[in-house]
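Residue numbers (this note's numbering): 87 to 195. Even for Gly, the Cβ is constructed at its ideal location relative to N, Cα and C.
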């Protein structure tokens, strides 16, 4: 593995490890609130701890997605569009993370 690839490899694995407990928390919450009405689910997510965990889940997922898609772009795009696609990928990940954090903030406050 090249020296350039090592930080990316570590970041991909670290974000995956961080996502494991967050996804487990989300699945537990979904199962615990199965059959609950909209207001009960909204109340659960509007708790500041749960809203923070949801924001972290979305932000880390967007970061993880950006790294993975950048690898695909680097491996399969060899033309001049490579830089544009990588920039669009980063902007899309920032937009997803920003929208998720904003939604969690709106739920909590």
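Between residue i and residue j, what straight-line distance do the alpha-carbon atoms span, to the nearest angstrom?
i: residue 150; j: residue 129; result: 28 Å
i: residue 93; j: residue 99; result: 10 Å
i: residue 158; j: residue 110; result: 27 Å
i: residue 118; j: residue 174; result: 37 Å
Put residue i into one of helix, strand or coil per three-state DSSP.
i: residue 149; result: helix
i: residue 121; result: coil
i: residue 163; result: coil
Can you give me the Cβ contacts of residue i inside the same chain, cut-off strictly under 7 Å, excluding the 5 residues immediately before and after it?
i: residue 194; result: 132, 134, 137
Residue i lies in the alpha helix (DSSP H); which residues open and close that run?
i: residue 179; result: 167–194
CB-CB under 8 Å to residue i, same chain, minus the five flanking residues each way: which ones, in chain order?
i: residue 187; result: 141, 144, 145
Can you give me the Cβ contacts of residue i inside the same chain, cut-off strictly under 6 Å, excluding the 5 residues immediately before and after it?
i: residue 101; result: 146, 149, 150
i: residue 115; result: none
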